[in-house]
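Protein chains in written order, with our numbering: chain A, 247 to 560; chain B, 2 to 606. Using N, Cα and C, we set each Cβ at its ideal position, and we do this for glycine too. Beneath this line is the structure, given in structure tokens, with notes to follow.
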Ligand SMILES: Cc1ncc(C[n+]2csc(CCOP(=O)(O)OP(=O)(O)O)c2C)c(N)n1
Ligand code: SF4
Ligand SMILES: [Mg+2]
């Protein structure tokens with residue numbers, strides 16, 4: 247099913263009941279541009295991710311002020327500085343909880359997390375596991391370059407075993423994390439992989455993620471041309487296979503688990519697993535029944551209600 | 002009506018219901034018209050080990066626990082051994098007749114031994130678990146406290162468990178009460194807590210309650226925390242009221258997540274709170290700087306307990322002061338407030354949310370286990386919401402009219418806009434350091450907030466001149482706050498002129514205030530300077546008061562005399578003496594008075 251077919255399908259389509267978001271609102275590509283020039287190395291995979299995110303928001307008709315992009319610290323986490331959108335560039339490893347807090351305070355805005363493999367799977371790994379099972383309405387784009395790039399080339403949680411880096415001159419000893427399987431095991435409800443070298447296809451995947459009801463993980467293979475001489479554009483391009491064209495059914499968890507085991511000669515991209523059966527966390531938060539916190543008056547606790555709280559203490 | 006001021010102790014093993022009995026008796030006494038101050042002394046384990054609960058009931062408002070207790074209600078023989086020496090010379094010791102206990106030793110110490118067959122009475126009307134009811138009834142009887150008051154509390158506390166349980170407990174209470182009333186010992190006991198007709202109803206609350214009430218009154222609707230004693234009851238109270246009040250509460254996976262969630266919510270525009278104790282605060286330090294750098298309002302309450310490390314989980318200390326003042330790398334503006342008592346905890350919560358939003362920076366409230374869990378009566382009307390009206394400063398929501406100076410050219414900014422394409426500069430250089438803040442979601446004001454150094458529009462830059470001006474802009478907020486009179490100098494308790502001045506901060510307000518009375522009795526004219534507002538420090542006001550101090554003694558709950566050092570650091574003032582305690586137990590007025598006399602020596606007599 248394409249994104250457009252699903253649009254407006256009710257729960258799980260990612261749209262809000264008030265229909266605030268929607269295509270055809272006179273938005274143009276220019277609306278997502280800023281005067282700020284990226285400091286990324288020419289040819290960095292992050293350019294493709296930036297282009298794809300802008301394109302996805304435009305296609306979805308999500309205006310820059312209706313979204314917030316929350317990032318960590320790393321090369322790729324500078325992304326919100328390079329487009330016109332609300333941005334919060336937080337700490338190394340902490341964008342998920344910051345974004346979750348934002349989403350719980352203001353579920354009327356679209357919240358997108360952008361961070362590196364070091365952020366997401368390393369220093370912020372605990373947040374990531376809990377976000378998977380918590381299922382808040384976040385789109386999580388992980389710029390997975392299998393290296394610590396900003397700090398100039400140390401091994402990361404996704405670096406393949408045996409890779410020589412500045413902190414593993416004899417080859418790394420640890421086995422890499424498998425983000426797809428880890429997310430599946432942790433209870434994630436939307437798990438996908440994309441490739442920064444194919445921005446159009448990536449934009450399509452981001453749009454799918456934007457339509458998901460809860461937490462959507464999109465692990466993005468991102469060539470770092472400066473510090474990762476192994477996982478290059480060509481290296482990925484030779485190995486990528488499309489789940490969709492191979493008839494994979496994203497509603498089949500066991501099939502997803504099996505395909506998630508492939509990473510080597512064949513690297514599947516596309517949506518591994520998706521279910522819309524699990525409510526987003528914020529759908530079930532009692533404190534939100536009266537609407538987004540940020541839209542309510544600060545003094546909505548009247549005299550009688552306050553006195554009732556005092557009387558509980560008699 | 003005779004003035005009454007009686008302290009009693011309930012001692013027993015963990016798991017024996019010492020705390021619930023103490024709270025129940027406190028509540029009965031409060032409803033009968035007494036002013037109450039109660040502290041629980043419990044250990045960080047659920048069963049085993051000695052626990053006690055100390056209740057002070059008086060006919061005038063009381064601000065602290067006070068030794069010596071006049072009555073010990075011993076639920077174990079061990080509690081008699083542990084407490085006997087600390088009791089008043091004419092105190093009574095109530096215990097079960099079956100305890101193997103040397104009653105002669107009790108009597109020889111001058112105290113009244115009152116064995117009561119509590120266990121037996123409990124068994125006769127129900128079961129062993131009713132022994133606490135018997136014990137409380139025995140205490141009530143000895144104190145001539147009206148039985149009906151106890152009956153009312155029994156009915157309320159056991160209603161959930163059904164009519165039979167209620168009736169059984171009532172029978173136990175009546176029989177015990179009667180037996181003790183007729184005992185010869187009762188006639189010899191001189192302390193009395195009769196019913197006080199005509200007293201108004203009062204709240205009975207602990208410091209965390211008071212803080213929560215202030216927070217919700219201030220519009221706090223987002224709380225993220227990770228459970229940690231003694232802060233946990235804040236998250237629990239907020240969660241219990243989440244749905245009716247529309248509060249989002251989140252028990253996060255750890256403290257790093259908790260503060261980050263609060264910062265995310267604060268960035269979105271919620272009044273967000275993060276509650277923790279020192280260990281959790283340690284994990285939050287990096288994010289505190291994130292809030293400072295991105296000028297995001299957030300309130301963190303550190304309910305201190307005994308440190309370092311896991312330390313004394315269920316006990317009190319004031320040893321996070323210097324840590325909290327300096328926590329996180331780099332320079333950024335922060336507020337640090339340490340309320341002195343329950344009323345001030347309420348008010349401080351309200352002020353904290355205003356300060357966080359007006360100055361767009363983190364605010365840390367320093368409480369501690371003593372304030373957080375001591376139960377105290379308050380008259381209705383004492384918690385004044387109107388004392389601190391909600392103020393957001395230069396903040397607006399999407400769709401609201403532009404703020405003064407929100408947009409260039411000129412418009413209140415130091416110079417014309419280096420305008421972002423929206424013509425809105427989230428971090429505009431302003432004379433007062435505070436930049437107009439539009440909450441995310443406004444089509445005319447799209448911006449980024451980086452934890453990296455940034456320019457006025459919110460773009461990352463390391464440019465030299467911008468860095469200097471941006472640092473100065475942020476730090477200027479502290480001067481603005483001081484100039485605006487946001488920060489209070491010390492509160493003076495007692496006479497304007499005194500021989501000795503006690504210098505205290507945070508929760509020591511009550512015990513130190515009561516120590517003044519005891520010093521007066523010793524013929525020493527003493528007063529107290531108490532600080533709630535610690536950072537930015539109102540130095541002039543402090544120096545004005547400190548100049549009048551003849552002999553100053555700092556009173557605080559830590560090993561190294563952190564507040565004494567803090568005063569030296571901020572004002573150059575060197576206190577003559579230091580009364581400190583670092584065993585996790587709250588300083589008691591008598592102990593403070595004796596400590597002060599020791600510190601200043603014979604010179605004052
Ligand atoms: C608490 C903390 N520790 C370490 C750093 C230094 N640091 C900055 S980015 C980074 C790793 C970046 O790797 P990744 O998240 O994969 O992002 P990339 O640069 O590869 O895009 C590290 C270790 C930091 N900023 N904060
Ligand atoms: S170092 Fe690597 S990840 Fe960073 S900008 Fe250059 S190519 Fe991109
Ligand atoms: Mg990386």
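Run the CB neighbour count on residue i, radius 10 Å, all protein chains shown included, and call it buried at 16 or more, exposed below.
i: residue 407 of chain A; result: exposed
i: residue 327 of chain B; result: exposed
i: residue 130 of chain B; result: exposed
i: residue 262 of chain B; result: buried
i: residue 553 of chain A; result: exposed
i: residue 275 of chain A; result: exposed
i: residue 545 of chain B; result: exposed
i: residue 277 of chain A; result: buried
Report the three-state DSSP secondary structure of residue i (helix, strand or coil).
i: residue 363 of chain B; result: strand
i: residue 593 of chain B; result: helix
i: residue 251 of chain B; result: strand
i: residue 29 of chain B; result: helix
i: residue 467 of chain B; result: helix
i: residue 488 of chain A; result: strand
i: residue 514 of chain A; result: strand
i: residue 558 of chain B; result: coil
i: residue 158 of chain B; result: helix
i: residue 190 of chain B; result: coil
Determine the direct distance from the alpha carbon of residue j to that of residue i, and round the result to whole angstroms.
i: residue 309 of chain A; j: residue 446 of chain B; result: 12 angstroms
i: residue 122 of chain B; j: residue 382 of chain A; result: 56 angstroms
i: residue 167 of chain B; j: residue 125 of chain B; result: 15 angstroms
i: residue 320 of chain B; j: residue 465 of chain A; result: 45 angstroms
i: residue 336 of chain A; j: residue 517 of chain A; result: 28 angstroms
i: residue 517 of chain B; j: residue 162 of chain B; result: 47 angstroms
i: residue 98 of chain B; j: residue 117 of chain B; result: 5 angstroms
i: residue 232 of chain B; j: residue 340 of chain B; result: 15 angstroms
i: residue 212 of chain B; j: residue 206 of chain B; result: 10 angstroms
i: residue 399 of chain B; j: residue 444 of chain B; result: 8 angstroms
i: residue 271 of chain B; j: residue 215 of chain B; result: 16 angstroms
i: residue 303 of chain A; j: residue 371 of chain A; result: 27 angstroms
i: residue 407 of chain B; j: residue 440 of chain B; result: 12 angstroms
i: residue 531 of chain A; j: residue 502 of chain B; result: 51 angstroms
i: residue 521 of chain B; j: residue 527 of chain B; result: 7 angstroms
i: residue 494 of chain A; j: residue 295 of chain B; result: 44 angstroms
i: residue 414 of chain B; j: residue 546 of chain A; result: Bear in mind that a pLDDT of 39 at residue 414 of chain B, under 50, signals an unreliable position, so the number given afterwards is only what the model happens to contain. Cα-Cα distance, rounded: 34 angstroms.
i: residue 136 of chain B; j: residue 143 of chain B; result: 11 angstroms
i: residue 442 of chain B; j: residue 224 of chain B; result: 22 angstroms
i: residue 278 of chain B; j: residue 188 of chain B; result: 48 angstroms
i: residue 359 of chain B; j: residue 538 of chain B; result: 17 angstroms
i: residue 553 of chain B; j: residue 597 of chain B; result: 9 angstroms
Pick from the options: whose alpha carbon is nearest that of residue i?
i: residue 470 of chain B; options: B/138, B/434, B/212; result: B/434
i: residue 62 of chain B; options: B/525, B/378, B/440, B/542; result: B/378
i: residue 76 of chain B; options: B/102, B/186, B/68; result: B/102
i: residue 199 of chain B; options: B/31, B/193, B/399; result: B/31
i: residue 113 of chain B; options: B/238, B/184, B/429; result: B/184
i: residue 84 of chain B; options: B/91, B/152, B/73; result: B/73
Within the present structure, is the beta-carbon of residue i separated from the nearest heavy atom of ligand 3 by less than 7 angstroms?
i: residue 465 of chain A; result: no
i: residue 442 of chain A; result: no
Looking at ligand 2, does it come within less than 7 angstroms of residue i, judged from the CB to the closest heavy atom?
i: residue 390 of chain A; result: no
i: residue 472 of chain A; result: yes
i: residue 365 of chain A; result: no
i: residue 484 of chain B; result: no
i: residue 275 of chain B; result: no
i: residue 563 of chain A; result: No statement about residue 563 of chain A is possible, as the shown extent of chain A runs from 247 to 560 and does not include it.
Is it the case that the CB of residue i approaches a heavy atom of ligand 1 more closely than 7 angstroms?
i: residue 127 of chain B; result: no
i: residue 338 of chain A; result: yes
i: residue 456 of chain A; result: no
i: residue 395 of chain A; result: yes
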